[in-house]
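The structure under discussion appears below in the form of structure tokens.
Protein chains in written order, with this note's numbering: chain F, 624 to 932; chain X, 624 to 932.
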């Protein structure tokens with residue numbers, strides 16, 4: 624990771640010293656994991672697929688009846704303010720990006736002194752909104768995964784909601800680390816492949832692109848959506864709506880993980896068994912490059928001057 | 624609830640203003656719900672079943688590989704310090720308790736600037752430890768419950784760990800509130816009764832005392848343990864190790880919930896259908912009184928001077 628020390632965060636309307644303290648112990652994010660988050664990549668100061676991230680964030684707020692107290696446009700402006708202050712994601716004299724940034728938006732239900740699980744009424748408390756940014760340099764690493772002992776419930780109303788209640792995911796990553804792996808895969812209660820702790824999972828079977836369906840208790844990542852939309856242009860046949868079993872992964876030609884910040888990462892091993900050749904496959908590498916090119920193009924397009932009427 | 628404004632909390636070694644701010648946005652409790660908590664009742668400044676609470680807390684720390692950085696005795700002293708400062712739980716001139724207190728210990732993995740799910744190595748970060756206390760007056764209320772759409776997984780390694788990742792429980796309480804109920808019951812994946820969002824569940828079938836087994840993805844509450852140990856003395860036959868189905872609840876003579884702070888609370892309705900007569904049953908009321916008497920006796924016993932050798 625190229626993450627370095629940051630100097631400021633954006634908190635509830637203003638830039639503040641990243642060192643804190645910032646929030647009270649009574650904040651329901653700290654007390655109960657009663658919050659939501661999003662992570663995104665920025666290049667040249669342009670947040671990639673920002674609308675999709677904000678849409679998921681606001682959907683999560685609705686599911687939890689959480690009063691974010693800000694419009695999406697205000698949140699977008701806040702990110703711009705932070706990136707500018709942190710000098711992240713500008714453009715050098717030759718037009719090349721100075722460096723990418725990883726961004727995290729964290730929204731908790733807010734500071735509530737009253738104890739207990741039940742939140743106050745919607746109007747009575749306004750969310751704590753924090754935005755952090757780190758320098759990020761795209762890497763070309765590979766990932767090995769284990770299968771977590773934690774299972775995901777496709778019937779959960781929060782299955783697709785990115786809450787800050789991540790203890791299950793932290794535990795899964797501890798399991799992975801213990802086995803010398805970088806990621807953990809979850810199965811559903813039915814034993815189907817679901818997702819990784821911080822990424823969606825894809826399998827390549829010849830030129831077929833397969834991924835667990837939304838009904839497999841996944842968080843629908845923006846890179847997943849992009850891949851399914853662009854698969855045919857990239858010479859692949861997308862076959863989304865198929866339940867995948869663990870053996871499908873072991874029998875795949877190639878496999879990879881997708882995440883907003885890390886992009887497309889080859890998955891070369893699961894539970895110490897190789898996937899395909901056990902090394903990053905050629906199709907995965909091509910997809911990774913295509914995604915990075917697209918990110919670059921999108922960031923440049925967003926910076927073009929508005930055309931005259 | 625009789626909870627009132629508190630004035631101080633104990634945080635990482637010292638009493639501080641309850642108003643905050645106290646912690647950084649980078650605290651993993653806020654970022655990821657990467658923490659644990661306990662709630663307990665104090666009477667006369669004596670924390671009831673403190674050893675059991677601390678044992679569960681330290682077990683949870685071990686499960687999450689979380690470095691609490693304090694000995695149980697130090698934590699007990701910290702609670703005493705807070706209760707004294709808040710003038711909670713003293714004894715009046717006639718020996719009667721001034722008032723009970725509800726206590727919450729919250730332990731997060733601590734402040735970690737690096738982003739990502741994987742925690743630093745055990746030695747590299749020390750937990751954030753916060754203790755809060757509120758005045759508490761025992762009530763004689765009843766509870767109505769709904770069945771949550773969230774299910775619990777008996778196979779989860781965190782099923783018995785009281786993490787601060789409570790979004791599922793918050794969601795369940797929102798479901799309950801929407802239906803005009805005070806509590807939410809969880810079923811396991813297998814459709815068995817598990818527990819309530821903040822309480823264990825008991826059923827009375829004549830003089831038989833039944834409760835979901837530990838294998839039903841429950842948090843083993845101290846009041847549950849106490850009841851099973853004291854059932855025979857209280858004229859009941861404890862029958863713990865039986866899976867219970869939702870229909871067992873509807874066909875029960877009486878039902879109740881148990882929690883450390885609220886004690887024994889009659890459960891009179893589930894999904895708008897009455898349990899037993901639909902009112903607090905006589906056995907439940909007797910058990911509640913017995914538990915409150917025991918709490919009173921334990922608090923007095925703890926304050927007796929040490930016997931001379």
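Yeah, the Cβ is synthetic: ideal placement off N, Cα and C, and Gly gets one too. Predicted model, so just to flag it, every value in this text is computed and none were measured.
Is residue 793 of chain F helix, strand or coil when you go by DSSP?
In the first chain, residue 793 of chain F corresponds to position 170, counting from 1. In the structure shown, residue 793 of chain F sits in a helix (DSSP, three-state: H, G or I).
Could you check if residue 645 of chain F is buried or exposed, using at least 16 other CB atoms within 10 Å of its CB as the buried criterion?
For the purposes of this step, residue 645 of chain F is taken as residue 22 along the first chain, with counting starting at 1. The residue is buried, with at least 16 neighbouring Cβ atoms inside 10 Å.
Report buried or exposed for residue 674 of chain F, applying the criterion of at least 16 other Cβ atoms within 10 angstroms of its Cβ.
Here residue 674 of chain F is taken as the residue at index 51 of the first chain, counted from 1. So residue 674 of chain F ends up on the exposed side.
From residue 795 of chain F to residue 827 of chain F, what distance separates their C-alpha atoms?
To locate residue 795 of chain F, count along the first chain from 1; it is residue 172. To locate residue 827 of chain F, count along the first chain from 1; it is residue 204. About 25 angstroms.
How big is the Cα-Cα spacing for residue 785 of chain X and residue 835 of chain X?
Numbered from its first residue, the second chain carries residue 785 of chain X at position 162. Numbered from its first residue, the second chain carries residue 835 of chain X at position 212. Their Cα atoms are separated by approximately 17 angstroms.
Taking buried to mean at least 16 other C-beta atoms within 10 Å of its own C-beta, is residue 859 of chain F buried or exposed?
The residue given as residue 859 of chain F occupies position 236 in the first chain. Under this definition residue 859 of chain F is a buried residue.
If you reduce the DSSP assignment to three classes, tell me which class residue 699 of chain X lands in.
Locating residue 699 of chain X in the second chain gives position 76, counting from the first residue. Helix.
Per DSSP, which residues does residue 691 of chain X bridge with? Please list them.
Reading the second chain from its first residue, position 68 is the one you call residue 691 of chain X. Bridge partners of residue 691 of chain X: none, in fact.
Coarse secondary structure for residue 922 of chain X, derived from DSSP in three states:
The residue you call residue 922 of chain X lines up with position 299 of the second chain. Helix, per DSSP.
Contacting residues, own chain, Cβ-Cβ under 6 angstroms from residue 923 of chain F (five flanking each side not counted):
Reading the first chain from its first residue, position 300 is the one you call residue 923 of chain F. Around residue 923 of chain F: no qualifying Cβ.
Of all Cβ atoms in chain F, is any one closer than 8 angstroms to the Cβ of residue 628 of chain X?
Mapped onto the second chain, residue 628 of chain X falls at position 5. Below a pLDDT of 50, predicted positions are generally treated as unreliable, and residue 628 of chain X, at 49, falls in that range; the measurement from the model is reported next regardless. Judged by the 8 angstroms Cβ criterion, residue 628 of chain X is in contact with chain F.
Could you tell me the distance, in whole angstroms, from the CA atom of residue 734 of chain X to the CA atom of residue 643 of chain F?
Indexing the second chain from 1 puts residue 734 of chain X at position 111. Indexing the first chain from 1 puts residue 643 of chain F at position 20. Each residue's Cα considered, the two are about 10 angstroms apart.
Residue 777 of chain F and residue 821 of chain F - do their beta-carbons sit closer together than 8 angstroms?
In the first chain, residue 821 of chain F corresponds to position 198, counting from 1. In the first chain, residue 777 of chain F corresponds to position 154, counting from 1. Taking 8 angstroms as the cut-off, the Cβ atoms of residue 821 of chain F and residue 777 of chain F do not count as close.
Give the single residue among F:739, F:761, F:726 whose Cα lies nearest to the Cα of residue 754 of chain F.
Against the first chain, residue 754 of chain F aligns to sequence position 131. Residue 754 of chain F has its Cα closest to that of F:726, out of F:739, F:761, F:726.
Residues of the stretch 749 to 761 of chain F whose Cβ lies closer than 8 angstroms to any Cβ of chain X, in chain order:
Considering only beta carbons, the part of the stretch 749 to 761 of chain F lying closer than 8 angstroms to chain X consists of 753, 755, 757, in chain order.
In whole angstroms, give me the CA-to-CA distance for residue 698 of chain F and residue 662 of chain X.
Along the first chain, one-based indexing puts residue 698 of chain F at 75. Along the second chain, one-based indexing puts residue 662 of chain X at 39. Cα to Cα, the separation comes out at about 36 angstroms.
Can you name the residues of chain X whose CB is closer than 9 angstroms to the CB of residue 894 of chain F?
In the first chain, the residue the question calls residue 894 of chain F occupies position 271. Under the 9 angstroms cutoff, chain X gives no residues; its nearest Cβ is about 17 angstroms from residue 894 of chain F.
Does DSSP put residue 889 of chain F in a helix, a strand or coil?
Walking along the first chain from the start, residue 889 of chain F turns up at place 266. Residue 889 of chain F falls in the strand class under three-state DSSP.
Applying the 10 Å Cβ sphere with the 16-neighbour rule, what's the burial state of residue 723 of chain F?
As a first step, residue 723 of chain F must be located in the first chain, where it is residue number 100. Under this definition residue 723 of chain F is a buried residue.
Pick out whichever of F:749, F:810, F:825, F:770 has its Cα sitting closest to the Cα of residue 854 of chain F.
In the first chain, residue 854 of chain F corresponds to position 231, counting from 1. Of the listed residues, the one whose Cα sits closest to residue 854 of chain F is F:825.
Using C-beta distances below 6 angstroms, list every residue in its chain close to residue 624 of chain F, excluding the 5 sequence neighbours before and after it, in chain order.
By 1-based counting over the first chain, the position of residue 624 of chain F is 1. Summary for residue 624 of chain F: the model assigns pLDDT 40, below 50, so the residue's position carries little reliability, and this model does not support an answer.
Is any beta-carbon of chain F found at less than 8 angstroms from that of residue 812 of chain X?
Along the second chain, one-based indexing puts residue 812 of chain X at 189. Chain F, which has a Cβ nearer than 8 angstroms to the Cβ of residue 812 of chain X, makes this yes.
Alpha-carbon to alpha-carbon, residue 681 of chain F and residue 888 of chain F
To locate residue 888 of chain F, count along the first chain from 1; it is residue 265. To locate residue 681 of chain F, count along the first chain from 1; it is residue 58. Their Cα atoms are separated by approximately 28 angstroms.
Which complete beta strand (DSSP E) runs does the stretch 718 to 747 of chain F hold, if anything under 3 residues is left out?
723 to 731
Under the rule that 16 or more other beta-carbon atoms within 10 Å means buried, what is residue 920 of chain X, buried or exposed?
Stepping through the second chain from its first residue, residue 920 of chain X is reached at position 297. Exposed, by the Cβ-count rule.
Excluding five sequence neighbours on each side, which residues of the same chain lie with their C-beta closer than 6 angstroms to the C-beta of residue 914 of chain X?
Numbered from its first residue, the second chain carries residue 914 of chain X at position 291. If we look at residue 914 of chain X and ignore the five residues flanking it on each side, its Cβ neighbours are 886, 887.
So that I know if they touch, is there some Cβ in chain X lying closer than 8 angstroms to that of residue 852 of chain F?
Reading the first chain from its first residue, position 229 is the one you call residue 852 of chain F. False, the Cβ-Cβ gap to chain X never drops below 8 angstroms.
So residue 755 of chain X is in the beta strand (DSSP E); what residue range does that whole segment cover?
Translated into positions along the second chain, residue 755 of chain X becomes position 132. Per DSSP, residue 755 of chain X belongs to the beta strand (DSSP E) from 751 to 759.
Residue 881 of chain X and residue 907 of chain X look like a contact to me (Cβ under 8 angstroms); what is the Cβ gap, rounded to whole Å?
Residue mapping note: residue 881 of chain X aligns to position 258 of the second chain, counting from 1. Residue mapping note: residue 907 of chain X aligns to position 284 of the second chain, counting from 1. Contact doesn't hold; Cβ gap of about 11 angstroms is too wide.
Cα separation between residue 650 of chain F and residue 706 of chain X?
Residue 650 of chain F sits at position 27 when you count from the first residue of the first chain. Residue 706 of chain X sits at position 83 when you count from the first residue of the second chain. Approximately 21 angstroms between the Cα atoms of the pair.
Give a yes or no on whether 8 angstroms exceeds the smallest Cβ distance from residue 793 of chain X to chain F.
As a first step, residue 793 of chain X is located in the second chain; it is residue number 170 there, counting from the start. By this cut-off, residue 793 of chain X is an interface position.
Assigned secondary structure, residue 683 of chain F (DSSP; H/G/I helix, E/B strand, else coil)
Taking the first chain and counting its residues from 1, one reaches residue 683 of chain F at position 60. Helix.
So which residues on chain F does residue 738 of chain X lean against when the C-beta distance must stay under 7 angstroms?
Taking the first residue of the second chain as position 1, residue 738 of chain X is located at position 115. The answer, in chain order, is 626, 725, 727, 757.
Beta-bridge partners of residue 634 of chain X, as assigned by DSSP:
Taking the second chain and counting its residues from 1, one reaches residue 634 of chain X at position 11. The partner list for residue 634 of chain X (beta bridge, DSSP) reads X:637, X:753.
With a threshold of 16 other CB atoms inside 10 Å of the CB of residue 628 of chain X, please say whether the residue is buried or exposed.
The count along the second chain starts at 1 and reaches residue 628 of chain X at position 5. Residue confidence is low: residue 628 of chain X scores 49 on pLDDT, short of 50, so the model does not pin down where it sits. Its coordinate-derived value is still stated next. Per the 10 Å Cβ criterion, exposed.
Name the residue from F:736, F:879, F:641, F:790 whose alpha carbon lies nearest to the alpha carbon of residue 905 of chain F.
Residue numbering aside, residue 905 of chain F sits at position 282 when the first chain is read from its first letter. Residue F:879 is the option with its Cα nearest to residue 905 of chain F.
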